[in-house]
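FYI, the working numbering numbers position 265 of the sequence shown as 367, with every residue one higher than the one before it.
All C-beta atoms, glycine included, are put in the ideal place defined by N, C-alpha and C.
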Amino acid sequence: MEKSNFVDQIRIFARSGHGGAGYKHFRRDKLTSMGGPDGGDGGRGGHIILRGNSNLWTLLHLRYYKNVLADDGERGGDNNRTGRDGEDIIIEVPLGTIARDEETGETEVEILEDGQQVVWLPGGKGGLGNFQFKSPTNQAPEHAQPGLPGIEGWKVLELKVLADVGLVGFPNAGKSTLLSVITAAKPKIADYAFTTLTPNLGMVEYRDGKSFCIADLPGIIEGAAEGKGLGHRFLRHIERNSILLFLIPADSKDHGQEFQVLKNELEEYNPELLHKRFIIAVSKSDMLDEELKAAIAAELPKDVPHLFFSSVAQQNLQQLKDLLWKELNG
Ligand SMILES: Nc1nc2c(ncn2[C@@H]2O[C@H](COP(=O)(O)OP(=O)(O)OP(=O)(O)O)[C@@H](O)[C@H]2O)c(=O)[nH]1
Ligand SMILES: [Mg+2]
């Protein structure tokens, strides 16, 4: 079995720092017995910040992160001294990471770019010291503010792979083989079902230095939405692909039917997936002659572009890349 180090979801308890309290104090020294207020402001609590890092591909590095607690701001001091801010915590995440609140399910942050930095859970503001409340009518304010609390809760970080093209197909359709011949990726390939257990990404080097990203996903079977096979949890990774490339092997019993089954499973998972651009590619076409190709073409839906190719015999790979590029930029 492939060792699974593809961590695409983690659950953490996070808390940003509380603001430090404002200080109440009056100046006292040898020469001043009844000085004015000089209590300083409290410092801000530490933020919890998310930062995109394009060198990360999974959430594996956060696997043992359970409690993420930022420091509180320091209390204000005498002589108008402002308390130190609590130290911020910066969590580096791969592009495509979403931060959600576990209870409400609400998406709070989405990281899409390298270096993008978002204050996810802001630290509480520090309270004002009594110095700030001095006024012509109140020369000796007794009041200083407490700091505001930080934000805490159970949170979920979830990764949705950002690829331009997602490969969709039954197990054994030849998805990983295709990835291995059009990109530098080296996914595991075998003639049994569910060889691929976690997504693989590869870059297709297109002409003139242009490239696009393609994601090879675990196979889907009928009933995936009810948990059959590996279930449909990996379908979340195609939610952001702009094109879905359906791979239907030449030796399928019914090509048209196989496409429908795959489409139904996507719809069960998320009906919006049906609004994406689809392309059908009949894989392993080295097994077909022209007559068989014509018969299969007749079974396929008329409104979806299709193409025959073979990874093993290196047939039509350039045409496939051209078609993907055209659809991506069309
Ligand atoms: N004849 C022929 N066989 C192929 C071709 N592409 C892949 N195969 C074979 O089909 C089998 C399955 O290939 P994979 O690439 O592992 O299939 P997959 O879709 O990634 O399968 P899962 O990871 O289980 O979902 C392997 O035995 C491949 O050698 C092709 O173009 N022609
Ligand atoms: Mg595979």
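- Excluding the 5 residues preceding and the 5 following V406 in the sequence, name in chain order all residues of the same chain whose CB lies nearer than 6 Å to its CB. What you label residue 406 is simply residue 304 of the sequence shown in a count that begins at 1. These residues qualify, in order along the chain: F380 and I382.
| query | By the 10 Å Cβ neighbour count, where 16 or more other Cβ atoms means buried, how is E104 classified, buried or exposed? | reply | In the sequence shown, residue 104 corresponds to position 2, counting from 1. Here the model assigns E104 a pLDDT of 39, short of 50, so the residue's position is not dependable, and the following value carries that caveat. Classification of E104: exposed, given that the 10 Å Cβ count is below 16.
Cβ pair count under 8 Å reaching 3, the region 256–263 against the region 181–198: Counting Cβ pairs under 8 Å, three or more are found: they touch.
**Prompt:** By DSSP, does W427 sit in helix, in strand, or in coil?
**Reply:** In the sequence shown, counting from the first residue as 1, residue 427 sits at position 325. Three-state DSSP puts W427 in a helix.
* Taking 7 Å as the cut-off, decide whether the C-beta atoms of L349 and A295 are in contact. => Within the sequence shown, numbered from 1, the residue matching residue 349 stands at position 247. Within the sequence shown, numbered from 1, the residue matching residue 295 stands at position 193. No, Cβ-Cβ distance for L349 and A295 is not below 7 Å.
Only counting the same chain, and skipping five residues up and downstream in sequence, which positions put a Cβ closer than 6 Å to that of E401?
Taking the first residue of the sequence shown as position 1, residue 401 is located at position 299. In its chain, beyond the 5 residues on either side, H357 and G358 have a beta carbon closer than 6 Å to the beta carbon of E401.
Cα-Cα separation, L223 to E210: Counting from 1 along the sequence shown, the entry for residue 223 is found at position 121. Counting from 1 along the sequence shown, the entry for residue 210 is found at position 108. Between the alpha carbons of L223 and E210 lies a distance of about 9 Å.
Margin query: Considering only DSSP beta bridges, list what G255 is partnered with.
Written below: By 1-based counting over the sequence shown, the position of residue 255 is 153. In the DSSP secondary-structure assignment, G255 is bridged to A116.
* Leaving out five residues before and five after Q362 in sequence, what residues of the same chain have Cβ atoms less than 6 Å from its Cβ? -> As a position in the sequence shown, residue 362 is number 260, starting the count at 1. Once the five neighbours on either side are set aside, Q362 has no close Cβ partner at all.
Quick check on DSSP: helix, strand or coil for L319?
Along the sequence shown, read from residue 1 onward, the residue named residue 319 stands at position 217. It is coil, neither helix nor strand.
Next item on the list: Determine the burial state of R202: buried for a count of at least 16 other Cβ atoms within 10 Å of its Cβ, exposed for fewer.
Entry: Position 100 of the sequence shown, counted from the start, is the residue given in the question as residue 202. Buried, since its Cβ has 16 or more Cβ neighbours within 10 Å.
- Can you have a look at G178 and say buried or exposed, based on whether 16 or more other CB atoms are within 10 angstroms of its CB? On the sequence shown, residue 178 is found 76 positions in, with the first residue counted as 1. It counts as buried.
Any 3 or more C-beta pairs closer than 8 Å across the region 227–247 and the region 121–137: Yes, the region 227–247 is in contact with the region 121–137.
### The alpha helix (DSSP H) enclosing E401, as first and last residue numbers
By 1-based counting over the sequence shown, the position of residue 401 is 299. Per DSSP, E401 belongs to the alpha helix (DSSP H) from E392 to E401.
- Query: For ligand 1, which residues count as neighbours when the test is a C-beta closer than 6 Å to any heavy atom?
  - Reply: Taken from the N-terminal end onward, the list reads G271, P273, N274, A275, G276, K277, S278, T279, I291, A292, D293, A295, F296, T297, T298, P320, G321, S385, K386, D388, M389, S412, S413 and V414.
Counted within 10 angstroms of its Cβ, other Cβ atoms place V263 as buried (16 or more) or exposed = The sequence position of residue 263 within the sequence shown is 161, counting from 1. Burial state of V263 is buried, judged by a 10 Å Cβ sphere holding 16 or more other Cβ atoms.
Determine the DSSP secondary structure at E215, reduced to helix, strand or coil.
Walking along the sequence shown from the start, residue 215 turns up at place 113. In the structure shown, E215 sits in coil (DSSP, three-state: anything other than H, G, I, E or B).
- Task: Quick one: using the 10 Å Cβ neighbour count with 16 as the cut-off for buried, is L133 buried or exposed?
- Result: The sequence position of residue 133 within the sequence shown is 31, counting from 1. The residue is exposed, with fewer than 16 neighbouring Cβ atoms inside 10 Å.
Fill in: Nearest residue (CA-CA) to G252, options G311, L280 and D174
Sequence index remark: in the sequence shown, residue 252 carries index 150 (1-based). For G252, the closest C-alpha among the options G311, L280 and D174 is that of D174.
Secondary structure of Q417, DSSP reduced to three states | Along the sequence shown, one-based indexing puts residue 417 at 315. Residue state for Q417 is assigned as strand, using DSSP reduced to three classes.
Using the C-alpha atoms, what's the distance from G188 back to K386? For the purposes of this step, residue 386 is identified with residue 284 of the sequence shown, where counting begins at 1. For the purposes of this step, residue 188 is identified with residue 86 of the sequence shown, where counting begins at 1. Roughly 59 Å between the two C-alpha positions.
So for D110, helix, strand or coil by DSSP? Your numbering for residue 110 matches position 8 in the sequence shown. Here D110 sits in coil by DSSP.
Point to revise | Contained beta strand (DSSP E) runs [length at least 3] in the region 219–299, N- to C-terminal order | key: List check, beta strand (DSSP E) in window: 219–223, 254–261 and 267–270.
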